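Trainee: Respectively, the protein sequence lines represent chains A and B.
Residue 126 in this note's numbering sits at position 126 of the first sequence; the count goes up by one each step and never skips.
Residues are numbered in this note's numbering as their position in the second sequence, beginning at 1, plus a constant of 217.
Think of the CB as a built atom: it goes at the ideal place given N, C-alpha and C, for glycine as much as any other residue.
Computed from a prediction, not measured in an experiment: that's the story for all the values here.
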Amino acid sequence: MAKIISGKEAATLVKPGSSLMLSGFLVAGAPVYLIDCLVENGVDSLHVVTISTDYDNKGVGRLITSKQIKSLQVSHIGTNRTTQKQYKNKDISIEFVPQGILVERIRTAGAGLGGFYSPVGVGTTVAEGKETLEENGKIYILERPISADVAFISAKKADKLGNLVYHRTARNSNPSMAMGATITVAEVDEIVEPGEISPERVGTPGVFVDYLVKKGE
Amino acid sequence: MDKKQKRERIQKRIAREFKDGDYVNLGIGLPTGVADFIPDEVTIHFQSENGIMGVGPKPPAGEEIPDLINAGGGPITAKDGASFFDSVTSFSIIRGGHIDFTVLGTLQVDARGNVANWSIPGKIVPGMGGAMDLVSGAKQVIIATLHLDKYGKSKIMKECTLPLTGKGVVNLIVTDMAVIKVVEDGLKLIDIAEDTTIEKVVEATEPQLIIPDKVGIFS
Numbered sequence: 001m002a003k004i005i006s007g008k009e010a011a012t013l014v015k016p017g018s019s020l021m022l023s024g025f026l027v028a029g030a031p032v033y034l035i036d037c038l039v040e041n042g043v044d045s046l047h048v049v050t051i052s053t054d055y056d057n058k059g060v061g062r063l064i065t066s067k068q069i070k071s072l073q074v075s076h077i078g079t080n081r082t083t084q085k086q087y088k089n090k091d092i093s094i095e096f097v098p099q100g101i102l103v104e105r106i107r108t109a110g111a112g113l114g115g116f117y118s119p120v121g122v123g124t125t126v127a128e129g130k131e132t133l134e135e136n137g138k139i140y141i142l143e144r145p146i147s148a149d150v151a152f153i154s155a156k157k158a159d160k161l162g163n164l165v166y167h168r169t170a171r172n173s174n175p176s177m178a179m180g181a182t183i184t185v186a187e188v189d190e191i192v193e194p195g196e197i198s199p200e201r202v203g204t205p206g207v208f209v210d211y212l213v214k215k216g217e
Numbered sequence: 218m219d220k221k222q223k224r225e226r227i228q229k230r231i232a233r234e235f236k237d238g239d240y241v242n243l244g245i246g247l248p249t250g251v252a253d254f255i256p257d258e259v260t261i262h263f264q265s266e267n268g269i270m271g272v273g274p275k276p277p278a279g280e281e282i283p284d285l286i287n288a289g290g291g292p293i294t295a296k297d298g299a300s301f302f303d304s305v306t307s308f309s310i311i312r313g314g315h316i317d318f319t320v321l322g323t324l325q326v327d328a329r330g331n332v333a334n335w336s337i338p339g340k341i342v343p344g345m346g347g348a349m350d351l352v353s354g355a356k357q358v359i360i361a362t363l364h365l366d367k368y369g370k371s372k373i374m375k376e377c378t379l380p381l382t383g384k385g386v387v388n389l390i391v392t393d394m395a396v397i398k399v400v401e402d403g404l405k406l407i408d409i410a411e412d413t414t415i416e417k418v419v420e421a422t423e424p425q426l427i428i429p430d431k432v433g434i435f436s
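1) Kindly say whether I77 of chain A, judged by its beta-carbon, lies nearer than 8 Å to any beta-carbon of chain B.
2) Label L113 of chain A either buried or exposed according to how many other C-beta atoms from any shown protein chain fall within 10 Å of its C-beta, with 16 as the threshold for buried.
3) Considering only C-alpha positions, which residue in the set B:F318, B:G344, B:S353, B:G268 is nearest to L324 of chain B?
4) Between the region 250-259 of chain B and the region 328-338 of chain B, can you find at least three pairs of beta-carbon atoms closer than 8 Å?
5) Mind checking M227 of chain A: buried by the 16 CB within 10 Å criterion, or exposed?
6) Determine the chain B residues that contact S198 of chain A at a beta-carbon separation under 9 Å, and present them in chain order.
7) Any beta carbon of chain B sitting closer than 8 Å to that of N174 of chain A?
8) Do V358 of chain B and T319 of chain B come within 8 Å of each other at the CB atom, strictly closer than that value?
9) Return the Cβ separation of T169 of chain A and A28 of chain A in integer angstroms, given the expectation that the two are a contact with Cβ distance under 8 Å.
10) Identify which residue in B:G289, B:L321, B:I409, B:K296 has its Cα closest to the Cα of F25 of chain A.
11) Expressed to the nearest angstrom, what Euclidean distance is found between the alpha-carbon atoms of I77 of chain A and N388 of chain B?
12) Under 8 Å Cβ to Cβ from P326 of chain B, same chain only, skipping five residues before and after it: list those, please.
13) Which residues bound the alpha helix (DSSP H) around L351 of chain B?
14) Using a C-beta to C-beta distance shorter than 8 Å, which residues of chain A count as neighbours of P380 of chain B?
15) Terminal residues of the continuous beta strand (DSSP E) containing I141 of chain A?
16) Which one or two residues does DSSP pair with Q264 of chain B in a beta bridge?
17) Just to make sure I have the definition right: I need the residues of chain A whose C-beta is within less than 8 Å of the C-beta of N334 of chain B. Which are they?
18) Give the list of continuous beta strand (DSSP E) stretches no shorter than 3 residues that lie fully inside the region 349-388 of chain B.
19) Are M177 of chain A and A151 of chain A closer than 8 Å when you measure CB to CB?
20) Just to confirm the assignment, what range does the alpha helix (DSSP H) spanning M21 of chain A have?
In structure tokens:
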């Protein structure tokens, strides 16, 4: 059973210096209400894991503008000038991770694995300092899991057991982040009774979800 | 020819590479426009790495859905037979060799098939997004680029000087002047644009080109 809490309560689960996964791809599928609650709460020195920092003061970008993030594991910041400025001024430290490898490392953490060998970024800065494996003439690098204290994710609908239904391309990093963190909070538009969501339609099983927040509450 | 016409020429030429039924991922910017030049009788399944196979055209104004976007964040539609999936599945499709072509823009590309398009250290570092996964896993990697940068310098180099996105991964380079294939011993000229000559292409290209007996022409 997922516990239904307010956005304000959810924000208190994130402590100063916490690692935090934020789902979404250019705002689609991002936990925008929970991000608003974090901005209001003001908790800072966060380490954030996310696909992109969205736009200036929008989506994940709100926490960039409010300077609550000290470090990032991210694949793209090109759509947010404030992130680029903070990175250039060394106000924020960044590990750039190829997008597919980022979500796979998160999934790996959630799936109880110790890492995986990947061909992505061989011969680039991504491979620096990583163990390698040669198999049939091809070189792979060892990628380690990425976990976090808390994941804030979002979905269209949930039942009270935490089963989630996603909408179109807003699924993106939500299922992997749901399993990758110690505590998972899902923000949803609607919360229904168990049985109202067909088991066939469940995008993330409720076993991965600890808390539900109804958007705006 | 203005910049828009040059870009359209590149897009049109790349569209000819695909065959009916191919699965294709188009990068942001110049590559996105390739979709506008697919002949009616050819069906291409376009993937966008944020989680859709079967990308359809841009919706009419007022019918945009915030939860239905492409990798550039722009509104799209889903074609009949489209599917949605999460990022882990999306990149399994990409890395696992299930995509026939990826088309990417670039800052630099070189004679060994190296490509650099994610970072200009000290100036601007947008990040690689999905590009490193794409060049690692797609069956064919096509680079779409203007032949010369804004200073008139060749974007095709002997050796990339910027941080690489992929090493030895490029198969084909399509510019407003030429179509160039990356082969074992360097770069082989395939086609030249109708308004240029082999000599001009050679002059505009930093590394040496292998010139076969037969070179095609594209418009």
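Mentor: Answer, in terms of the structure:
1) Your numbering for residue 77 of chain A matches position 77 in the first sequence. Judged by the 8 Å Cβ criterion, I77 of chain A is in contact with chain B.
2) Here residue 113 of chain A is taken as the residue at index 113 of the first sequence, counted from 1. Looking at its Cβ environment, which holds fewer than 16 other Cβ atoms inside 10 Å, L113 of chain A is exposed.
3) Your numbering for residue 324 of chain B matches position 107 in the second sequence. The shortest C-alpha separation from L324 of chain B is found at B:G344.
4) no
5) For residue 227 of chain A there is no data in the structure shown, the boundaries of chain A being 1 and 217.
6) Locating residue 198 of chain A in the first sequence gives position 198, where the first residue counts as 1. Within chain B, no residue has its beta carbon less than 9 Å from that of S198 of chain A; the closest one is some 16 Å off.
7) On the first sequence, position 174 is the one that residue 174 of chain A refers to. It does: the Cβ of N174 of chain A has a partner Cβ on chain B nearer than 8 Å.
8) Taking the second sequence and counting its residues from 1, one reaches residue 319 of chain B at position 102. Taking the second sequence and counting its residues from 1, one reaches residue 358 of chain B at position 141. Cβ distance < 8 Å, so T319 of chain B and V358 of chain B count as in contact.
9) To locate residue 169 of chain A, count along the first sequence from 1; it is residue 169. To locate residue 28 of chain A, count along the first sequence from 1; it is residue 28. Between A28 of chain A and T169 of chain A the Cβ distance is about 6 Å, and since that is below 8 Å, they are a contact.
10) Locating residue 25 of chain A in the first sequence gives position 25, where the first residue counts as 1. Ranking B:G289, B:L321, B:I409, B:K296 by Cα distance to F25 of chain A puts B:G289 first.
11) For the purposes of this step, residue 77 of chain A is taken as the residue at position 77 of the first sequence. For the purposes of this step, residue 388 of chain B is taken as the residue at position 171 of the second sequence. So the alpha carbons of these two residues sit roughly 28 Å apart.
12) Position 109 of the second sequence, counted from the start, is the residue given in the question as residue 326 of chain B. One detail in the question is off: residue 326 of chain B reads as Val in this sequence, not Pro. Excluding positions up to five away in sequence, the list reads V332, A333, I360, T362, K372, I373, M374, C377, V387, I390.
13) As a working mapping, residue 351 of chain B is identified with position 134 in the second sequence. Element bounds for L351 of chain B: 348-354.
14) The residue given as residue 380 of chain B occupies position 163 in the second sequence. Residues of chain A passing the Cβ test: T124, T125.
15) In the first sequence, residue 141 of chain A corresponds to position 141, counting from 1. That run of the beta strand (DSSP E) goes 138-143.
16) Translated into the one-based positions of the second sequence, residue 264 of chain B becomes position 47. According to DSSP, Q264 of chain B bridges with B:N242, B:M270.
17) Position 117 of the second sequence, counted from the start, is the residue given in the question as residue 334 of chain B. Those within 8 Å of N334 of chain B in chain A number zero; the least Cβ separation is about 11 Å.
18) 357-361
19) In the first sequence, the residue the question calls residue 177 of chain A occupies position 177. In the first sequence, the residue the question calls residue 151 of chain A occupies position 151. Closer than 8 Å, so yes.
20) Numbered from 1 along the first sequence, position 21 holds the residue referred to as residue 21 of chain A. It is not in any alpha helix (DSSP H) - M21 of chain A instead sits in the beta strand (DSSP E) that spans 19-22.
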